[in-house]
Amino acid sequence: CAILIIAAGTGEFEAGISKDGQTREHALLAFTLGVRQLIVAVNKMDTTKWSEDRFNEIVKETSNFIKKVGYNPKAVAFVPISGWHGDNMLEESS
Numbered sequence: 001c002a003i004l005i006i007a008a009g010t011g012e013f014e015a016g017i018s019k020d021g022q023t024r025e026h027a028l029l030a031f032t033l034g035v036r037q038l039i040v041a042v043n044k045m046d047t048t049k050w051s052e053d054r055f056n057e058i059v060k061e062t063s064n065f066i067k068k069v070g071y072n073p074k075a076v077a078f079v080p081i082s083g084w085h086g087d088n089m090l091e092e093s094s
């Protein structure tokens, strides 16, 4: 199992998911190395004021890409988190 951490900040997500972005590279590398179970942690959600629209946009774009890599997006858990505040990291946020 691998945890792919994606930054939700404006511009940060777009840079990571771009053609030469690290998000793409890390997802492809994980699959190539035999990791078949993936969890996607969408970090820095506090900077988007926990925007559900932003989270859904990231889930949609990331799902489209990881499907091309070989993952089944329906079997991948997407979790909104804030590493800075610790939200949803060890315990469910309220």
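Residues 1 to 94, numbered by UniProt numbering, are exactly what the sequence shown covers, in order.
We put the CB at the ideal spot given by N, CA and C, even for glycine.
Pull up the CB-CB distance for residue i and residue j, whole angstroms please, since I reckon it's below 8 angstroms.
i: Leu38; j: Val76; result: 5 angstroms
i: Ala7; j: Asn43; result: 6 angstroms
i: Met45; j: Ile17; result: Not a contact, Cβ separation roughly 16 angstroms.
i: Val40; j: Phe78; result: 5 angstroms
Let's see if you can read the secondary structure: which residues bound the alpha helix (DSSP H) around residue i?
i: Ile58; result: Glu52 to Val69
i: Ile17; result: Glu12 to Ile17
Check whether the Cβ atoms of residue i and residue j sit closer than 8 angstroms, and answer yes or no.
i: Val69; j: Phe31; result: yes
i: Phe65; j: Ala27; result: yes
i: Gly9; j: Thr62; result: no
Please state whether DSSP places residue i in a helix, a strand or coil.
i: Asp20; result: coil
i: Leu29; result: helix
For residue i, report the span of its beta strand (DSSP E) as first-last.
i: Ala7; result: Ala2 to Ala7
i: Val79; result: Ala77 to Pro80
i: Val40; result: Leu38 to Asn43
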